[in-house]
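In the numbering used here, the protein residues as written are 25 to 210.
(1) Residues bridged to residue 99 by DSSP?
(2) What's the call for residue 125, buried or exposed, on a 16-neighbour Cβ count within 10 Å?
(3) Less than 8 Å between the C-beta atoms of residue 111 and residue 67, yes or no?
(4) Identify which residue in 29, 160, 64, 152 has its Cα closest to the Cα of residue 86.
(5) Does the Cβ of residue 162 lie closer than 7 Å to at least one heavy atom of the ligand PLP?
(6) Grab me the residues of residue 189's own chain with a C-beta within less than 7 Å of its C-beta, minus the 5 sequence neighbours each way, in chain order.
(7) Quick one: is residue 93 buried, meaning 16 or more other Cβ sit within 10 Å of its Cβ, or exposed?
(8) Which residue from 109, 114, 104 puts its Cα closest to that of residue 132?
(9) Mind checking who residue 73 pairs with in its DSSP beta bridge?
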């Protein structure tokens, strides 16, 4: 009897510990309330992820947040695949859902950018004696272009509470967690 009791007790203790660990590993939910969300992202050669999951998730997220509380600003930068076509599809879907947006398609390629004569800022002399365009300043410039509508809207009196950067990450919207006036992000 004693060994069976302690075995059963040990089993229950293992279950309690496992339950506690699972609960602790769950992301903490943060309430957004009625806050306005500015969704932005940069895309380069990301057609596959856009078409497979990202476009549907962004449209779903924007609809869940609500057209009066969201703005989507996407910057494409000289992709070689059909990222441009995928983002044109995103623009059409957002338009059909009356979601405020700006989708910029840039036909300037990276080769075009690095072929320009160095302008001083954003270029670096490498140890092998060549001058190359630095990636971070280049991406910062693109990010700033994607952020322009935020400032333009602010000048019109439309202020966003949060900025959500969604580059090429796969995500889903959980409808039971996101509610029109009581939103949560993990």
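From the three backbone atoms N, C-alpha and C, an ideal C-beta is built for every residue, glycine too. Nothing here was measured: the structure is a model prediction, and the numbers come from that model.
Checking against the coordinates, here is how it stands:
(1) 66, 128
(2) buried
(3) yes
(4) 64
(5) By its list of ligands, the structure shown contains no ligand whatsoever, and the ligand PLP lies outside what it can speak to.
(6) 64, 65
(7) buried
(8) 104
(9) DSSP lists no partner for residue 73.
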